[in-house]
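> A single structure is presented below for examination.
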Amino acid sequence: MEDREEHRAPQSLYVHIPFCKSRCFYCDFTTFVKSPAAMEAYVDALVAEWDLMEPLEAPLATAYFGGGTPTLFSASLLDRLLDAMRQRFEFCADAEITFESNPDSITREKLRVLRDHGVNRISFGAQAFQDHLLQAIGRAHLRDAIEEAVWAARDLGFPHVNIDLMFGLPDQTLHDVAESVEAVLRLPVDHVSAYWLKIEPGTPFAKWHEMGLLSLPGEDAEADMYRLVRDVLRDAGFVHYEISNFARPGGEARHNLVYWRNEPYCASGVGAHGYARGERYAMERRFSAYLAAVREGRRPVSARQRVPVAERAEDQVILGLRLAEGVDRQRFERRFGRTIEDVFPGVVERLLAEGLLERRGSAYRIPDAYWPIANAIFEQWIGAADIH
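In case it helps, UniProt numbering puts the sequence shown at residues 1 to 388.
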């Protein structure tokens, strides 16, 4: 059975900028603390890597610079990077171009450079609005820096601004979460991402957790925190369009919707992951190996994996069920040539009967009340696809 979207040309690009001023205690991303000279060498390598990419068949509709902290670059280095991007890629007229930023790494000069090159969305990693919590999780900024950064972005004309929040942090209370959400609502932002803390292996938090040194709120308190975030933001006019994401109408993260709709995207930079033409690929995770590959004229792809059609069908459902819009039955059938009920025999019927799935229009979705336990619902689909 062929996936009919397998050959669709990617129209999205993820670019990984791996540098941070310091490493947060919960972070397991591919990040490094490096010198300005290393950052310059990396931008040169990144631009050279773009020259090694196969030409894109369609203009980019979205580009996303994540990290790390992309705005740790100097204004002149950002200018060089974005100028090179504009020379090498064609963009749709209404393309969304996003930069992640930590509040302590941004200046008005950098914001001006981003806007001059068409960056129209900025995402600030705030995480919390209590200084003691920010210090406890290893963040390099305090509350004042968040507010200053957001207002500066508004002043310089960014139409879309996101704030990341985290809950379930050590010693965090429900009052802390309420205070953070209220602080966000006083700022000119049109998007909020709210994430549970996950203790990732190999991080300082994982080590401290094993030693019994982390005082975590617990699952019941985390569920209360999630409900509070959802209720307050929805009451304020935000649409809860994805399990962890809220937007004012028109402020949805278009690049991230590419992931959740299981559409293809290109990837560039150390440790980045891409998905195109039915294949997942990963870029070299080691900084020196990435630079060496580019110097030798090789695209630094370290692994490629053909994704079996059954896994693609699973991904289509599990990622789509993260969205309020759900999984469109007609799109699923167009893509895979069979209905979702045929491909997942018994699963749809069982979840509908248990009330863990509902049909709305042409889509299946998780009822709002069950979003906090979505992972348990996703598990019902894993390994259940009957398609080859």
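Each residue gets a CB set at the ideal place from its N, CA and C atoms; glycine is no exception.
Using only alpha-carbon positions, find the residue among Pro170, His160, Tyr265 and Arg80 that is nearest to aspartate 44.
Out of Pro170, His160, Tyr265 and Arg80, Arg80 has the C-alpha closest to the C-alpha of aspartate 44.
> So, for aspartate 176: in the same chain, excluding its five sequence neighbours on each side, which residues have a beta-carbon less than 6 angstroms away from its beta-carbon?
Result list for aspartate 176: Gln130, in chain order.
> Residues in its own chain within less than 7 angstroms of histidine 7 by CB, not counting five upstream and five downstream?
Result list for histidine 7: Arg277, in chain order.
> Please name the residue in Leu72, Ala136 and Ala93 whose C-alpha comes closest to that of leucine 114.
For the residues Leu72, Ala136 and Ala93, the minimum Cα distance to leucine 114 belongs to Leu72.
> Quick one: what's residue 389 bridged to in DSSP?
With the chain covering only 1 through 388, there is no way to say anything about residue 389.
> Compute the Euclidean distance between the alpha carbons of alanine 58 and tyrosine 281, then round it to the nearest angstrom.
Approximately 20 angstroms, taken between the alpha carbons.
> Smallest Cα separation from valine 119: which of Gly125, Lys110 and Gln127?
If we check each option's Cα against that of valine 119, Lys110 comes out closest.
> I need the boundaries of the beta strand (DSSP E) containing phenylalanine 246, first residue and last residue.
Segment 245-247, the beta strand (DSSP E) holding phenylalanine 246.
> Taking valine 192 and isoleucine 146 to be in contact with their CB atoms under 8 angstroms, please state how far apart those CB atoms are, rounded to whole angstroms.
Actually they do not touch by this definition, with Cβ atoms about 13 angstroms apart.
> Please give the ranges of any alpha helix (DSSP H) in the stretch 75-161, keeping only runs that are unbroken, at least 4 residues long and fully inside the region.
For the stretch 75-161, whole alpha helix (DSSP H) runs of length 4 or above, ordered along the chain, are 75-88, 108-116, 131-136 and 143-155.
> When burial is assigned at 16 or more other CB atoms within 10 Å of the CB, is asparagine 256 buried or exposed?
Flag for asparagine 256 reads buried.
> If you draw a straight line from the alpha carbon of serine 244 to that of glycine 355, how long is it in whole angstroms?
Near 21 angstroms, if we compare the C-alpha coordinates of glycine 355 and serine 244.
> Among Leu319, Arg331, Thr62 and Cys92, which has the Cα closest to the Cα of asparagine 375?
Closest option to asparagine 375, Cα to Cα, is Leu319.
> May I have the straight-line CA-CA distance separating alanine 267 from glycine 297, to the nearest angstrom?
Computed Cα separation, rounded: 17 angstroms.
> Do you know offhand how far glutamate 252's Cα is from alanine 95's?
Whole-angstrom Cα-Cα distance: 13 angstroms.
> Hey, out of Ser123, Asp328 and Arg88, whose CA is closest to glycine 361's CA?
Of Ser123, Asp328 and Arg88, the residue nearest in Cα terms is Asp328.
> Could you tell me the alpha carbon to alpha carbon distance between histidine 388 and proline 264, rounded to whole angstroms?
C-alpha separation (whole angstroms): 20 angstroms.
> Which residues in the same chain have their Cβ closer than 8 angstroms to the Cβ of glycine 67, if we skip the five residues on either side of it in sequence?
Taken in chain order, the residues that qualify are His16, Ile17, Pro18, Phe19, Cys20, Phe29, Thr31 and Glu100.
> Could you compute how far the alpha carbon of glutamate 90 sits from the alpha carbon of valine 258?
Glutamate 90 and valine 258: Cα-Cα distance of roughly 18 angstroms.
> Apply the 10 Å Cβ neighbour rule to serine 35 and answer buried if 16 or more other Cβ atoms are within range, or exposed otherwise.
Classification for serine 35: exposed.
> Please work out which residues of its chain come closer than 6 angstroms, Cβ to Cβ, to leucine 357, disregarding the five sequence neighbours upstream and downstream, and give them in chain order.
The answer, listed in chain order, is Leu351 and Tyr364.
> So what does serine 12 bridge to, in DSSP terms?
In the DSSP output, where bridge partners are listed per residue, serine 12 has Thr62.
> Ignore the nearest five residues each way along the sequence and tell me which others in serine 12's own chain have a CB closer than 8 angstroms to its CB.
Taken in chain order, the residues that qualify are Leu60, Ala61, Thr62, Ala63, Tyr64, His255, Val258, Glu263, Pro264, Tyr265 and Cys266.
> What distance in whole Å lies between the Cβ atoms of alanine 136 and leucine 165, which are believed to be in contact at a cut-off of 8 angstroms?
Actually they do not touch by this definition, with Cβ atoms about 15 angstroms apart.
> If you follow the beta strand (DSSP E) that arginine 365 is in, where does it begin and where does it stop?
Where arginine 365 is concerned, the enclosing beta strand (DSSP E) stretches over 363-365.
> My parser needs the alpha helix (DSSP H) runs of 4 or more residues fully inside the stretch 268-337; what are they?
Within the stretch 268-337, the complete alpha helix (DSSP H) runs of at least 4 residues are 287-295, 309-320 and 329-336.
> Give the range of the alpha helix (DSSP H) segment to which tyrosine 370 is assigned.
Counting along the chain, tyrosine 370 falls outside any alpha helix (DSSP H), and DSSP gives it neither H nor E.
> Of all the options Ala126, Arg154, Gly157 and Val150, which has the alpha carbon lying nearest to the alpha carbon of leucine 142?
It is Ala126 whose Cα lies nearest to the Cα of leucine 142.
> In chain order, what residues of the same chain have a beta carbon less than 7 angstroms from the beta carbon of tryptophan 381, not counting five sequence neighbours either side?
Only Glu314, Val317, Ile318, Phe344 and Val347 meet the Cβ criterion.
> For threonine 339, does the count of other Cβ atoms within 10 angstroms reach 16, so buried, or fall short, so exposed?
It counts as exposed.
> Check for me: the beta strand (DSSP E) holding tryptophan 196 runs from which residue to which?
Taken as a continuous stretch (DSSP letters only), the beta strand (DSSP E) holding tryptophan 196 covers 191-196.
> Using the Cα positions of methionine 1 and proline 10, report the straight-line distance between them to the nearest angstrom.
With a pLDDT of only 49 at methionine 1, under 50, the local geometry of the prediction cannot be trusted, and the value read off the model is given with reservation. Near 22 angstroms, if we compare the C-alpha coordinates of proline 10 and methionine 1.
> Buried or exposed: where does isoleucine 373 fall if 16 or more other Cβ atoms within 10 Å of its Cβ makes it buried?
So isoleucine 373 counts as exposed.
> From glutamate 219 to methionine 225, what distance separates their C-alpha atoms?
Glutamate 219 and methionine 225: Cα-Cα distance of roughly 10 angstroms.
> How many angstroms separate the CA atom of arginine 334 from the CA atom of arginine 312?
Going from the Cα of arginine 334 to the Cα of arginine 312 covers about 14 angstroms.
> Please classify histidine 240: does DSSP put it in a helix, a strand, or coil?
DSSP places histidine 240 in strand when its eight states are reduced to three.
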